[in-house]
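Colleague: For reference, the structure I am asking about is given below.
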Amino acid sequence: MAIDIQKVDEIVFGYEQSKESLLPILQDFQREFSYVPEEGIKRLSDIFGVPESRIYAMATFYKAFSLVPKGRHTIKVCMGTACHLKGAPFVVEAIERELKIKPGQTTEDRRFSLETVNCVGTCALAPVVVIDEDYYGGSTSENIIKNLKRYT
Amino acid sequence: MEKIKFVIDGKEVEAIRDQCVLDVARQNGIYIPGLCYNPEVKFSGGSCRLCLVEAHQAGRMSLVTACNYPIREGLEIKTDTSLVKRIRKGIIELLLARVPDSDVIKELAAEAGIDEPRFVKDEGENYHSKCIACGLCIQVCEEVVGVSAIAMLNRGPDKTPGTPYKKPSEVCIGCGACAYACPTDAIPMEDNGDTRKIWGREFKMHLCSVCGKPYIPEAQIDWIVKTTGKDRVFFDKCPDCR
């Protein structure tokens, strides 16, 4: 996928040229492109004079960064203790079957990315699925598929 | 440089303040094992943890890594107590579970009397080859070579040294310093006639004009000429024929 290099420059030159700026720049990449693109890392390395390997290592270290494009909507299935006991694994399985992706992957049409998370802090609603900013409590393998249809 | 005295295994020895325990121990003929320690790099990460020793100071004892523990006034080090031995054996067991194929670790395990680790071996999709992820290769590439072609990727159990995107590195000069420095011989480097293959990239080797032996990658000559301004003619002959 081609990346607008001008957009990359806009982000990079908006920061002071120091090591401390690397992380916020990567965060901006993630927000702007929904992932950290290879071209972005290369360009950043050229401008800042920081080895490409070091920036790439940072991008692989933090869970907040993705090196492949994310979908338009992110599905987070809570796998914390309460949700797990209340059947979260079945919910994940149902989503996997419906979208034909595994956790950590994105559908081919880039509509959804699927993730499992460890606790979203709303155990009373277990099992919880968070799609973008919406919380779906008491999810089952049936109602979650219906809820997915709201997102295009 | 302030000289101070401290005690190691009951022997009083002299050291420079803040020098690391491992260095002084080795200078005084006291053996402390260690894989990831290399005096060529500025700071030892203490990641293999084999050099654990007992540090007694101000009436307290703690287990510390000798490779990066600074020597201070009044310090007493014990390298061979039963506690140290027991903990070290556990560490070797963990290393053996991580890299069951490494000859270096197997040898250490045999010395410590371990046949099989009690822990689940990293096999199948968790296979790490022989790498213990100590990061020495990365430090050498950055500090000694000055190239930073590799870095520590991912984290947790997936932590592994590598090139960006696992693609052949554009900046690597093929010097092989990472492979030489690796304590467990985990970085594959193939020298084949006048080519060398490392980190997925093939390098053309420079031949000695006298004996005809391939002895240095062309890319490494370019790098040395570029960074030091040395005359290229110097590299016509290999170190043996100079």
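Which chain is which? The protein sequence lines are A and B, in order.
Okay, so the first sequence: first residue is 1 according to the working numbering, each after it adds one.
Okay, so the second sequence: first residue is 1001 according to the working numbering, each after it adds one.
Where a beta carbon is used, it is the ideal one built from N, C-alpha and C, also for glycine.
(1) Does any C-beta atom of chain A lie closer than 8 Å to the C-beta of B:E1136?
(2) With 16 other CB atoms within 10 Å as the buried threshold, where does B:A1219 fall?
(3) Quick check for students: name the residue ranges of the alpha helix (DSSP H) that lie wholly in the stretch 1136-1209 of chain B, counting only runs of 4 or more.
(4) How close, in whole Å, do the beta carbons of A:A2 and B:M1152 come, if the pair is a contact with beta carbons under 8 Å?
(5) Would the stretch 98-117 of chain A count as touching the stretch 67-76 of chain A if we require 3 or more Cβ pairs under 8 Å?
(6) Cutting at 7 Å between CB atoms, please list the residues of its own chain near B:A1177, excluding the five before and the five after it.
(7) Among B:I1132, B:M1205 and B:P1039, whose alpha-carbon lies nearest the alpha-carbon of B:K1159?
(8) Can you list, in chain order, the residues of its chain whose CB lies under 8 Å from that of A:V90, leaving out five sequence neighbours each side?
(9) Is the stretch 1018-1030 of chain B in contact with the stretch 1062-1079 of chain B, if contact means three or more CB pairs nearer than 8 Å?
(10) When you compare the CB positions of B:I1198 and B:H1206, do they come within less than 8 Å of one another, or not?
(11) Within 8 Å (strictly less), CB to CB, does A:S53 reach chain B?
(12) Considering just the uninterrupted stretch of the alpha helix (DSSP H) at B:Q1019, what are its terminal residues?
(13) For B:S1148, go through chain A and note every residue whose CB falls closer than 9 Å to its CB, in chain order.
(14) When you compare each of B:V1007, B:P1161, B:E1076 and B:K1204 to B:A1186 by their alpha carbons, which one comes out closest?
(15) So B:M1152 contacts chain A; which residues on that side make the cut at Cβ distance below 7 Å?
(16) With three or more beta-carbon pairs closer than 8 Å as the criterion, would you say the stretch 52-72 of chain A touches the stretch 30-38 of chain A?
(17) To which residues of the same chain is B:P1070 closer than 6 Å at the C-beta, ignoring the five residues directly before and after it?
(18) Answer yes or no: does any C-beta atom of chain B fall closer than 8 Å to that of A:F61?
(19) Report the residue from A:D9, A:T81, A:T106 and A:K146 whose alpha carbon sits nearest the alpha carbon of A:F29.
(20) If you measure beta-carbon to beta-carbon, which residues of the stretch 1184-1211 of chain B are closer than 9 Å to chain A?
(21) Around the Cβ of B:Y1037, are there at least 16 other Cβ atoms within 10 angstroms (buried) or fewer (exposed)?
(22) Where A:P51 and A:L26 are concerned, what is the direct C-alpha to C-alpha distance, given to the nearest angstrom?
(23) Since B:T1163 meets chain A, which of its residues come closer than 7 Å, beta carbon to beta carbon?
Modeller: Here's the rundown:
(1) Here residue 1136 of chain B corresponds to residue number 136 of the second sequence, with the count starting at 1. Rather than Glu, the amino acid found at residue 1136 of chain B in this sequence is Leu. Not closer than 8 Å to any Cβ of chain A, the Cβ of B:L1136 fails to qualify, so no.
(2) As a first step, residue 1219 of chain B is located in the second sequence; it is residue number 219 there, counting from the start. Buried, because 16 or more other Cβ atoms sit within 10 Å of the Cβ of B:A1219.
(3) 1136-1139 and 1177-1181
(4) Position 2 of the first sequence holds residue 2 of chain A. Position 152 of the second sequence holds residue 1152 of chain B. In fact, because the Cβ distance is near 30 Å, the residues do not count as touching under 8 Å.
(5) yes
(6) Translated into the one-based positions of the second sequence, residue 1177 of chain B becomes position 177. The answer, listed in chain order, is V1140, C1141, V1144 and V1145.
(7) For the purposes of this step, residue 1159 of chain B is taken as the residue at position 159 of the second sequence. For the residues B:I1132, B:M1205 and B:P1039, the minimum Cα distance to B:K1159 belongs to B:I1132.
(8) Locating residue 90 of chain A in the first sequence gives position 90, where the first residue counts as 1. Checking the sequence shown, residue 90 of chain A turns out to be Phe, not Val. Same-chain partners within the cutoff: T140 and S141.
(9) yes
(10) What you label residue 1198 of chain B is simply residue 198 of the second sequence in a count that begins at 1. What you label residue 1206 of chain B is simply residue 206 of the second sequence in a count that begins at 1. The answer is no: Cβ separation not under 8 Å.
(11) For the purposes of this step, residue 53 of chain A is taken as residue 53 along the first sequence, with counting starting at 1. It does: the Cβ of A:S53 has a partner Cβ on chain B nearer than 8 Å.
(12) Counted from its first residue, the second sequence places residue 1019 of chain B at position 19. Taken as a continuous stretch (DSSP letters only), B:Q1019 belongs to no alpha helix (DSSP H), as it is neither H nor E.
(13) For the purposes of this step, residue 1148 of chain B is taken as the residue at position 148 of the second sequence. Simply V50, P51, E52, S53 and R54.
(14) Here residue 1186 of chain B refers to the residue found at position 186 when the second sequence is read from its first residue. Among B:V1007, B:P1161, B:E1076 and B:K1204, the Cα nearest to that of B:A1186 is on B:P1161.
(15) Counting from 1 along the second sequence, the entry for residue 1152 of chain B is found at position 152. Chain A residues near B:M1152: A57.
(16) yes
(17) Within the second sequence, residue 1070 of chain B is the residue found at index 70, counting from 1. Taken in chain order, the residues that qualify are D1018.
(18) Within the first sequence, numbered from 1, the residue matching residue 61 of chain A stands at position 61. Yes, A:F61 counts as interfacial toward chain B.
(19) Taking the first residue of the first sequence as 1, we reach residue 29 of chain A at position 29. With distances taken between Cα atoms, A:F29 lies closest to A:D9.
(20) none
(21) The sequence position of residue 1037 of chain B within the second sequence is 37, counting from 1. Classification for B:Y1037: buried.
(22) To locate residue 51 of chain A, count along the first sequence from 1; it is residue 51. To locate residue 26 of chain A, count along the first sequence from 1; it is residue 26. Straight-line Cα distance between these residues: approximately 15 Å.
(23) Stepping through the second sequence from its first residue, residue 1163 of chain B is reached at position 163. S53, listed in chain order.
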